[in-house]
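Visitor:
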Amino acid sequence: MNITYSILPVLFYIAVLIYLDSFKLINKNRLVYVFLAGIISALVSYILNNFILDITGMTNAEISIYAAPFVEEIIKFSVLLFIIHKGYSGFIIDTAIYGFIIGSGFAFAENIYYYINIGEGSVMENIIRGFGTSLMHGSTVSLAGGIFIFLRDVKNLKFIHNVLISILPALIIHILYNLFLLPPVFQTTAVIISYSISISMIFTASENSIHKWINSELDTEMELINLLEKGQLTSTHAGKYIQEIKGRFSNFVVFDMICLIRLHTELSMQLKINMMLKINNLKVPEDPELQPKLTEYRQLISAIGKTAYTAIKPIMLTSSKDIWKMNQYRND
């Protein structure tokens with residue numbers, strides 16, 4: 428069946444991306460749900476596009492340029508933002524993969540729609556839909572997700588500014604694709620080459636930054652834990668910093684601040700160790716205490732209050748956003 432040609436390229440790219448993920452960040456059991464979310468996003472987009480078509484009187488060609496790219500990219504990106512918000516994704520690598528899978532589910536539903544309503548088409552048409560349109564849907568949200576994580580972690584922009592900057596390239600790519608400025612074969616080739624180069628650069632940059640993060644901080648954190656156990660916190664930069672600011676808080680809050688620093692450091696070390704195990708294809712041991720630790724971590728942040736938490740953030744090597752990634756390092 429010719430529709431196979433429009434589906435296999437997407438599945439192939441998903442397999443390649445997961446293979447390239449040397450940190451094994453992706454939870455295989457979650458892939459199906461993310462793919463289904465992509466299918467649902469296609470159905471929602473179809474309804475909204477038809478609604479816009481009815482109320483504006485635009486032609487299908489005009490909708491594909493002036494409305495569909497905005498509707499579809501916003502909905503796909505919203506699904507990815509939800510995944511990030513729930514803590515299922517936090518690094519550039521896994522966010523880019525989840526984004527591509529959302530787009531793949533979207534493209535899968537769209538290809539089925541075309542097959543049912545327009546017909547099977549020629550082999551070349553289906554190949555173009557598989558390697559061109561399908562990869563376009565996956566690559567736009569994938570790139571938007573990678574940019575979002577980069578801006579969030581490096582530039583520390585406001586959420587709305589981050590979202591607008593991240594989704595802009597996806598909108599531009601989608602609009603240009605729908606304008607058909609090039610013959611279909613050349614356009615499809617351009618999508619394959621540009622996305623392959625872009626995602627390769629993203630993966631390389633992300634892996635280098637993660638390696639640097641692990642290697643530069645793990646020794647420091649181990650030393651801090653050792654000094655905490657010996658009651659020698661005051662000999663560390665963290666201890667001296669707390670001595671300087673403790674006059675602003677009650678003794679109870681200061682005690683909770685120290686407990687939070689210790690727990691934060693332990694979780695950060697555990698995260699990095701789990702990542703190294705995954706990198707080397709070793710089994711991550713089950714930790715029945717992980718969820719209680721994360722619960723205690725959340726309770727300590729709440730107990731000390733926003734002001735105290737903000738005060739000690741500078742001495743925490745790993746951000747709290749990274750701590751919530753702990754759940755990603757379970758064996759599938």
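Quick note, the sequence shown lines up with residues 428 to 759 if you use the numbering used here.
Heads up, the beta-carbon is just placed ideally off N, CA and C, and yes, glycines get one too.
1) Which of the three DSSP states, helix, strand or coil, is assigned to Ala-494?
2) Evaluate Pro-436 with the Cβ neighbour count: other Cβ atoms within 10 Å of its Cβ, from every protein chain shown; 16 or more gives buried, anything less gives exposed.
3) What is the rounded straight-line gap between the Cα of Asn-701 and the Cα of Pro-611?
4) Could you say which of Asp-683, Gln-697, Arg-725 and Leu-444 lies nearest to Glu-713 if we only look at CA atoms?
5) Under 8 Å between the Cβ atoms of Ile-501 and Ile-453?
6) Would DSSP call Val-443 helix, strand or coil?
7) Looking only at its chain, what residues have a beta carbon closer than 8 Å to the beta carbon of Phe-577, apart from the 5 residues adjacent to it on each side?
8) Only counting the same chain, and skipping five residues up and downstream in sequence, which positions put a Cβ closer than 8 Å to that of Val-498?
9) Have a look at Tyr-440 and Ile-600 and give me their C-alpha separation to the nearest angstrom.
10) Does the beta-carbon distance from Ile-434 to Phe-535 come in below 8 Å?
11) Can you check which of these residues, Ser-695, Lys-513 and Ile-602, is closest to Met-743 by C-alpha distance?
12) Between Ile-629 and Arg-675, what straight-line distance do the alpha-carbon atoms span, to the nearest angstrom?
13) Who are the Cβ neighbours of Lys-720 in its own chain at under 7 Å, not counting the five residues just before and after it?
14) Since Ile-572 contacts Leu-507 with CB under 8 Å, what's their CB separation in whole angstroms?
15) Based on Cα-Cα distance, which residue from Tyr-540, Ser-569, Ile-688 and Ala-442 lies nearest to Leu-598?
Guide: A quick look at the data gives this:
1) Here DSSP, grouped into helix, strand and coil, assigns Ala-494 to coil.
2) Answer is buried; the Cβ neighbour count reaches 16.
3) Rounded to whole angstroms, Asn-701 to Pro-611 spans 45 Å at the Cα level.
4) Here the closest residue by C-alpha is Gln-697.
5) No, Cβ-Cβ distance for Ile-501 and Ile-453 is not below 8 Å.
6) Here Val-443 sits in helix by DSSP.
7) Beyond the five residues adjoining it in sequence on each side, Phe-577 comes within less than 8 Å, by CB distance, of Ile-519 in the same chain, given in chain order.
8) Contacts found: Ser-472, Leu-475, Asn-476 and Ile-479.
9) Between the alpha carbons of Tyr-440 and Ile-600 lies a gap of roughly 19 Å.
10) Yes; because the gap between Cβ atoms is below 8 Å, this pair is in contact.
11) Comparing Cα-Cα distances from Met-743 to each of Ser-695, Lys-513 and Ile-602, the minimum goes to Ser-695.
12) In a straight line, the C-alpha of Ile-629 is about 43 Å away from that of Arg-675.
13) Excluding positions up to five away in sequence, the list reads Leu-690 and Leu-694.
14) Here residue 572 is Gly; the residue named in the question, Ile, does not match the sequence. Yes, Gly-572 and Leu-507 are in contact; Cβ-Cβ is about 5 Å, under 8 Å.
15) Minimum Cα-Cα distance from Leu-598 among the listed residues Tyr-540, Ser-569, Ile-688 and Ala-442 corresponds to Ser-569.
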